[in-house]
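Worksheet: the structure to be examined is printed underneath.
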Amino acid sequence: MPPKDPESGALGAETAAQLGNWAHDQGKGHVCGPDTGFHFRDGSRRSPDATWFDDARWRAAKKPRVRFPVFAPDFVIEVRSPDDRIRPLREKMEEYIANGVQLGWLIDPMERTVTIYSSGQPPRVLENPATVAGEGPVAGFVLSLERNLNK
Numbered sequence: 010m011p012p013k014d015p016e017s018g019a020l021g022a023e024t025a026a027q028l029g030n031w032a033h034d035q036g037k038g039h040v041c042g043p044d045t046g047f048h049f050r051d052g053s054r055r056s057p058d059a060t061w062f063d064d065a066r067w068r069a070a071k072k073p074r075v076r077f078p079v080f081a082p083d084f085v086i087e088v089r090s091p092d093d094r095i096r097p098l099r100e101k102m103e104e105y106i107a108n109g110v111q112l113g114w115l116i117d118p119m120e121r122t123v124t125i126y127s128s129g130q131p132p133r134v135l136e137n138p139a140t141v142a143g144e145g146p147v148a149g150f151v152l153s154l155e156r157n158l159n160k
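One rule links them: number in the numbering used here = place in the sequence shown (from 1) + 9.
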């Protein structure tokens with residue numbers, strides 16, 4: 010993937026920071042940014058813009074001398090940049106869910122939408138949200154998008 014433009018990169022960093030602050034306050038789980046790769050059961054390797062995963066699940070998945078064990082984070086966020094076509098991003102989000110991710114958010118600053126993906130549910134689109142409330146593995150997390158989507 011080519012690098013993101015500064016505005017998309019800033020939104021991704023802000024998203025990961027808010028998620029990291031929430032995880033720190035909760036005292037649970039791990040948050041990673043786009044420089045972290047995950048190896049999925051279908052053989053693909055992906056690097057979402059932000060992820061959260063349970064520490065106990067991660068410890069159970071780790072194997073000695075295996076740098077990238079098969080492991081799906083519990084929650085992923087992707088941020089669309091101006092060069093990204095929406096269809097491949099939607100397919101990537103479906104791939105995350107098919108590989109065991111419980112919840113995913115696709116943030117599209119150009120369309121001012123957040124699409125929520127979860128297992129067994131059709132995607133839900135929020136239009137121009139000021140906040141997005143977590144559910145399932147990240148219940149209690151609230152992402153503020155006011156500065157980024159509501160310009």
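Built from N, CA and C at the ideal position, the CB exists for glycine as well.
V110 carries a coil assignment under DSSP once its states are collapsed to helix, strand and coil. Straight through space, the alpha carbons of A142 and A148 are spaced by roughly 7 Å.
S127 sits in a strand when the DSSP states are folded into three classes. For the set G38, A26, W67, the Cα lying nearest the Cα of R76 is the one of W67.
Inclusion of I116 and V85 in the CB contact set at 7 Å is not warranted, their separation being larger than that value.
Pairing Q35 with D92, the inter-Cα distance amounts to about 35 Å. When G29, A59, G52, Q111 are compared, the shortest CA-CA separation from G18 is found for A59.
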